[in-house]
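Novice: From first to last, the protein sequence lines are chains S and G. Position 73 of the first sequence, counting from 1, maps to 1279 under the numbering used here, and the rest follow consecutively. Position 50 of the second sequence, counting from 1, maps to 1073 under the numbering used here, and the rest follow consecutively.
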Amino acid sequence: MENTNHEEKVVSLPRIGDTAPDFEAETTHGTLQLEDFKGSWVVLFSHPADFTPVCTTEFIAFQEIADDLRALNTELLGLSVDSVHSHIAWVRNVKEKMGVELTFPIIADLNKDVAKKYGMIMPGESTTETSRAVFVIDDKQIVRAVIYYPLSTGRNMPEILRLIKGLQTTDEHGVATPANWKPGEKVIIPPPKTQEEAEERANDDSVECTDWYFCKKQL
Amino acid sequence: MACVNGDGKLTQSAKNILEAVDESPKSPADLSKELAIPLFKIRSSMRDMVSMGLVQETEGAYQLAPGGRKMLEKSN
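Encoded structure:
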């Protein structure tokens, strides 16, 4: 039966652990597909609009962590519902007025294709602009973390860096990271799953245990 | 066409890529290392260049196509 409901289809945002939805999009660096990033981690982030002050501070801040991200095999990919010409003009303006060259690609998502796939529009806040979303996508194109900030509040770059370092540490060492963890600090060992493991853990001198379920170690 | 300027000549980065694949077939990873260009950009450029007939792909490696050679000569 034909669907006569003309309301826009509501698409759920990709959740942690999902395969990141693929796309092909026009960007300031040519046509890019998500697949082009396979093998690298990606920080896919949206901003409300070009030539707006909070977004300008964020883009400069993202650029400032670009080298640190590259060292973590991570690429930046921006997005807003603006044209590629608007993006180019804004990138040139930021270079001219603020002295910062934005080197990462920015998706021109005029038809909101990518924004809809990733649930970047919060209709209660704005139906014409994307919120400040961040999708951390790993080298196998799996969504590993999702962050949302409202239009009014700029994001915190050290937290994005910390998050990626934490995720990569988890992957590499099979550990978790505690609140406010920073690289170099002790990490958390997953709790034992059996009573036998719990007894062994409690007597393991190589780890620092407060109790059988709460053990840390230095990597 | 991302790799061609308004005057019909190759952009500098396109020229660098075509010159790099003129010597021998190369994988995107090799090109990324040799030219210090992020891998995602190389993959995107290769897609454009294949569709424009500038390079040809065989088993994941790219080599200059006759159309690419013509463009290189025109741009030099």
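Where is the CB? At the ideal position from N, CA and C, for every residue including glycine. Quick caveat, the model's predicted, so the values are computed rather than measured.
Does the region 1343–1358 of chain S touch the region 1242–1252 of chain S, meaning 3 or more C-beta pairs lie closer than 8 Å?
Specialist: Yes, the region 1242–1252 of chain S touches the region 1343–1358 of chain S.
Novice: So, with DSSP's three-state summary, where would you put S/A1226?
Specialist: Looking at S/A1226 - three-state DSSP - the assignment turns out to be coil, as it is neither helix nor strand.
Novice: So G/L1041 packs on G/G1091, CB below 8 Å; how close in whole Å?
Specialist: That belief holds up - the Cβ atoms of G/L1041 and G/G1091 are roughly 5 Å apart, short of 8 Å.
Novice: Hey, out of S/T1263, S/L1275, S/V1290, S/I1353, whose CA is closest to S/D1315's CA?
Specialist: When each option's Cα is compared against that of S/D1315, the closest is S/V1290.
Novice: Along the chain, where does the alpha helix (DSSP H) that runs through S/D1345 open and close?
Specialist: Taken as a continuous stretch (DSSP letters only), S/D1345 belongs to no alpha helix (DSSP H), as it is neither H nor E.
Novice: Closer than 6 Å by C-beta to S/W1418: which residues in its own chain qualify, once you throw out the five before and the five after it? Chain order, please.
Specialist: Once the five neighbours on either side are set aside, the close Cβ partners of S/W1418 are A1404, R1407, A1408.
Novice: Step through the CB atoms of chain S and report whether any lies within less than 8 Å of the CB of G/D1071.
Specialist: Taking Cβ atoms only, chain S reaches closer than 8 Å to G/D1071, which makes this a yes.
Novice: Is the number of C-beta pairs between the region 1260–1269 of chain S and the region 1352–1368 of chain S that are closer than 8 Å three or more?
Specialist: Touching, yes.
Novice: Which partner residues of S/A1231 appear in the DSSP bridge assignment?
Specialist: In the DSSP output, where bridge partners are listed per residue, S/A1231 has S/L1238.
Novice: Report all residues from its chain with a CB closer than 7 Å to the CB of S/W1296; omit the five preceding and five following residues, and keep chain order.
Specialist: So the list reads D1256, F1257, once near-sequence residues are dropped.
Novice: Determine the extent of the alpha helix (DSSP H) in which G/L1095 is found, giving its start and end residues.
Specialist: Residues 1089–1098.
Novice: Once DSSP output is grouped into helix, strand and coil, what is the label at S/W1387?
Specialist: Of the three classes helix, strand and coil, the one that applies to S/W1387 here is coil, per DSSP.
Novice: For the beta strand (DSSP E) containing G/E1080, list its first residue and its last residue.
Specialist: Here the beta strand (DSSP E) through G/E1080 covers 1078–1081.
Novice: Residues bridged to S/D1411 by DSSP?
Specialist: DSSP lists no partner for S/D1411.
Novice: Could you tell me how far apart the beta carbons of G/K1097 and G/K1032 are, in whole angstroms, since I believe they sit closer than 8 Å?
Specialist: That pair is a contact at about 6 Å.
Novice: Residues of the region 1049–1081 of chain G with a CB closer than 8 Å to any CB of chain S: list them in chain order, please.
Specialist: So the list reads P1061, L1062, F1063, K1064, R1066, S1067, S1068, R1070, D1071, given in the order they occur along the chain.
Novice: Check whether the Cβ of G/A1037 lies closer than 7 Å to any heavy atom of the ligand SAH, and answer yes or no.
Specialist: The ligand content of the structure shown is nil, which means the ligand SAH is not present either.
Novice: So, is the C-beta of S/E1406 closer than 8 Å to a C-beta in chain G?
Specialist: No - not a single Cβ of chain G is within 8 Å of the one on S/E1406.
Novice: On the DSSP letters alone, give me the boundaries of the beta strand (DSSP E) that S/L1357 sits inside.
Specialist: That residue, S/L1357, is in no beta strand (DSSP E); it is neither H nor E in DSSP.
Novice: Let me check one thing: in DSSP terms, what residues is S/K1423 bridge-paired to?
Specialist: According to DSSP, S/K1423 bridges with S/V1393.
Novice: Would you say the region 1238–1245 of chain S touches the region 1328–1340 of chain S, given that touching needs at least three Cβ pairs under 8 Å?
Specialist: Output reads no: the region 1328–1340 of chain S does not touch the region 1238–1245 of chain S.
Novice: Report yes if the C-beta distance between S/V1413 and S/K1423 is below 8 Å; otherwise report no.
Specialist: Cβ atoms of S/V1413 and S/K1423: closer than 8 Å.
Novice: To the nearest angstrom, how far is the alpha carbon of S/N1209 from that of S/P1356?
Specialist: At S/N1209, the pLDDT of 46 sits below 50, so the modelled position is not reliable and the matter cannot be decided from this model.
Novice: Suppose the cutoff is 8 Å on Cβ atoms and the five residues either side in sequence are ignored; what does the same chain contact list for S/E1281 look like?
Specialist: Taken in chain order, the residues that qualify are F1243, S1246, W1247, V1248, V1249, L1275, F1310.
Novice: Looking at the structure shown, is S/H1212 part of a helix, part of a strand, or coil, going by DSSP?
Specialist: Below a pLDDT of 50, predicted positions are generally treated as unreliable, and S/H1212, at 46, falls in that range; the measurement from the model is reported next regardless. Here S/H1212 sits in coil by DSSP.
Novice: Would you tell me roughly how many angstroms separate the C-alpha atoms of S/L1425 and S/K1388, rounded to the nearest one?
Specialist: When rounded, the distance between both Cα atoms is 12 Å.
Novice: Comparing alpha-carbon positions, which option in S/L1283, S/V1306, S/V1287 lies nearest S/I1312?
Specialist: Looking at the Cα atoms, S/L1283 is the closest of the given residues.
Novice: For S/W1418, does the three-state DSSP call read helix, strand or coil?
Specialist: S/W1418: coil per DSSP, three-state reduction.
Novice: Hey, out of S/V1340, S/A1277, S/K1322, S/T1262, whose CA is closest to S/V1306's CA?
Specialist: Among S/V1340, S/A1277, S/K1322, S/T1262, the Cα nearest to that of S/V1306 is on S/T1262.
Novice: Look at G/E1057 and G/A1043 and say whether their C-beta atoms are less than 8 Å apart.
Specialist: For G/E1057 and G/A1043, yes; Cβs fall inside 8 Å.
Novice: Hey, could you find the ends of the beta strand (DSSP E) S/S1252 is sitting in?
Specialist: Where S/S1252 is concerned, the enclosing beta strand (DSSP E) stretches over 1247–1252.
Novice: So is S/E1200 in contact with chain G if we call contact Cβ pairs under 8 Å?
Specialist: Residue 1200 of chain S falls outside the range modelled here, since chain S spans only 1207 to 1425, and no answer is possible.
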